[in-house]
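Chemist:
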Amino acid sequence: MYRFDNALFNFPVIRKHFFSDKEYQLYLFSEELIIIDNQAKKAKYEIKLNMTTTLNWIVNDNKIQALEILYNNKMKAFYATSNKFQLLREMIAGRVFFSGIQNFYGIQMKVGQGMSGEVYRAVSQNGDYVAIKKCEKQKLTSLQGGIPQLIQELQLLQQLSHLNILKLKEVYSDQQFYYIVTDFVDGRTLHTELLSRPTGLSILQTLKIMSQILNALIYIHQKGIMHRDLNPHNIMISENIKLIDFGLARIIKNQLIFPTAGTPGYIAPEIINYKQEKQYDEKADIFSLGCMLYKMLTGENLFRKQKNIFQENKEGIFELRKNTQHPECNSSKMDQLFVLLAHMLDNDPNERPNAQFCKQLLKEIENNNQQIDKLIRKQQIMKPIYVATDETPIERTPQSLASQNKVKSSDTIIKSDDITTQGNKRLTKIILKNM
């Protein structure tokens, strides 16, 4: 039984018949549209607001004249004033598929290519730029889980509204394609930015990018969502940093579909070596972000393709090596960032800081107050970290080294200027203590 006084929005609509028109009332609820017969005072049409529903807008002179729904295998049109339909369109955008994208957007140029489709810049009726990802249905069907994965992405994006996350606007469908309409970001990916910075980004730029990515992660993690594919291709640099491509994102407690996922070189050990009896959580995103932080600070990949990048990632063997060509290599902020980095890359997800704590640490580093050690001690994290500071190759160390060699007690922190020399290897040893 519907409580029509609880509807979010309602207005009269008309069905046109050969002899006479009939008036109905349309009600918008949180999960469905209801159209009632004014005479019978009961629901005649019920339309679920989910990705199984496609609605068609009848447009004339750039104005919506009618809404068409599929009912008993027939299309039924309901007419009303254009401004009412425009408001309804805005209120349900992204929750159902619309048809007739050409009535609302003009595609201008191709701007990118993804695994599941091409990305175009388009312009809306009011002159705003948008991005449209065009996904071929036949191609998606040929991929294992292609369409369910797309639907999963859209369902998650519906829930998200954040300055640092690409905003889903609308989704359209026709016989051949799905069209995903999002905000247009006038910028370039972090991957492209790093190609022009062989020694890494400045610390100031790294802190700015990291802070905004963490804002996005804090937001999605609080909503119980993990991204699972953080890598430089999925970060857009513009006026605001944007986290994009939620194709592999999942509700944290629902990992049954494609539990092993991500981009080789950025996959957390608990994902790439997934075991069904040991579920993982949002800390996997922190490991991936650590891989990105390392590349931002050095210009190099954490896993360096000496064998095969997937295999190296799976074995979890890497070394934390500063790039001596970086202008800020020996700065205290660089040292502190490497301290944070080592904790983000811990083999044990329980030992990694969460996104909120990483944000706090970044603030301490930005303020240059040398208090990062105190914040880490509050979290009862303690381990030795070895950071190579010259170009001489050193023995490659399993990422679990830190957890195998935890320091039981210490009264001091050995800072970056306390150097231990082993042969021709110049190491910086940082000991984080647990009070």
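My numbering applies: residue -9 is where the sequence shown begins, and numbers increase by one. All residues carry an ideal CB built from backbone N, CA and C; glycine is no exception. If you're wondering where the values come from, they're calculated on a predicted model, not measured in any experiment.
#1: What residues in its chain sit with their C-beta under 6 Å from that of M324, if we drop five residues either side in the sequence?
#2: Within the continuous beta strand (DSSP E) that includes I97, where are the two ends?
#3: Verify whether the separation of the beta carbon atoms of R85 and I54 is less than 8 Å.
#4: CB-CB under 8 Å to F(-1), same chain, minus the five flanking residues each way: which ones, in chain order?
#5: Go ahead and label T179 buried or exposed: buried means 16 or more other beta carbons lie within 10 angstroms of its beta carbon, across all protein chains shown.
#6: Measuring alpha carbon to alpha carbon, tell me which of K159, N230, A206, G237 ends up nearest D219.
#7: Could you check whether Y14 and K38 sit closer than 8 Å to each other, using their CB atoms as the reference points?
#8: Indicate the three-state DSSP secondary structure (helix, strand or coil) for E22 in the structure shown.
#9: Who are the near neighbours of F8 in its chain, counting only those whose CB is closer than 8 Å to its CB and skipping five residues on each side?
#10: From which residue to which residue does the beta strand (DSSP E) around A56 run?
#11: State the DSSP-derived secondary structure class of V175, mapped to helix, strand or coil.
#12: Under a three-way DSSP split, which group does R(-7) fall into?
#13: If you drop the 5 nearest sequence neighbours on each side, which residues of the same chain put their C-beta closer than 8 Å to that of G214?
#14: Would you report the Cα separation of I203 and L331, rounded to the nearest angstrom?
#15: Report the rounded CA-to-CA distance for K100 versus V109, giving the unit in angstroms.
#16: Should R(-7) go down as buried or exposed, given a rule of 16 or more other Cβ atoms within 10 Å for buried?
#17: For the alpha helix (DSSP H) containing P339, name the first residue and the last one.
#18: Pull up the distance between the alpha-carbon of P383 and that of E354, whole angstroms please.
#19: Should the segment 282 to 297 be called in touch with the segment 263 to 273, which here means at least 3 C-beta pairs below 8 Å?
#20: Within the chosen definition, does the segment 156 to 175 reach the segment 105 to 124 through at least 3 CB pairs nearer than 8 Å?
Modeler: A quick look at the data gives this:
#1: Here residue 324 refers to the residue found at position 334 of the sequence shown. The residues are E318.
#2: Translated into the one-based positions of the sequence shown, residue 97 becomes position 107. Run containing I97: 95 to 103, per the beta strand (DSSP E) assignment.
#3: Taking the sequence shown and counting its residues from 1, one reaches residue 85 at position 95. Taking the sequence shown and counting its residues from 1, one reaches residue 54 at position 64. For R85 and I54, no; Cβs fall outside 8 Å.
#4: The residue labelled residue -1 in the question sits at position 9 within the sequence shown. Y17, L18, L77, L78, M81.
#5: Here residue 179 corresponds to residue number 189 of the sequence shown, with the count starting at 1. Label assigned to T179: buried.
#6: The sequence position of residue 219 within the sequence shown is 229, counting from 1. Answer by Cα proximity: G237.
#7: Walking along the sequence shown from the start, residue 38 turns up at place 48. Walking along the sequence shown from the start, residue 14 turns up at place 24. No, Cβ-Cβ distance for K38 and Y14 is not below 8 Å.
#8: On the sequence shown, position 32 is the one that residue 22 refers to. Correct three-state label for E22: strand.
#9: Counting from one through the sequence shown, the residue named residue 8 turns up at place 18. None.
#10: Stepping through the sequence shown from its first residue, residue 56 is reached at position 66. That run of the beta strand (DSSP E) goes 53 to 61.
#11: Your numbering for residue 175 matches position 185 in the sequence shown. Reduced to three states, the DSSP call for V175 is coil.
#12: Sequence index remark: in the sequence shown, residue -7 carries index 3 (1-based). Coil at R(-7), not helix or strand.
#13: Locating residue 214 in the sequence shown gives position 224, counting from the first residue. Contacts found: I241, I242, K243.
#14: Working through the sequence shown from its first residue, we reach residue 203 at position 213. Working through the sequence shown from its first residue, we reach residue 331 at position 341. Looking at the two C-alpha atoms, the distance is approximately 15 Å.
#15: Taking the sequence shown and counting its residues from 1, one reaches residue 100 at position 110. Taking the sequence shown and counting its residues from 1, one reaches residue 109 at position 119. Roughly 6 Å between the two C-alpha positions.
#16: Against the sequence shown, residue -7 aligns to sequence position 3. Exposed: under 16 other Cβ atoms inside 10 Å.
#17: Indexing the sequence shown from 1 puts residue 339 at position 349. Run containing P339: none; DSSP gives neither H nor E here.
#18: Your numbering for residue 383 matches position 393 in the sequence shown. Your numbering for residue 354 matches position 364 in the sequence shown. The pLDDT assigned to P383 is 44, lower than 50, so where the model puts this residue is not dependable; a value taken from the coordinates is nonetheless given after this. Cα to Cα, the separation comes out at about 31 Å.
#19: no
#20: yes
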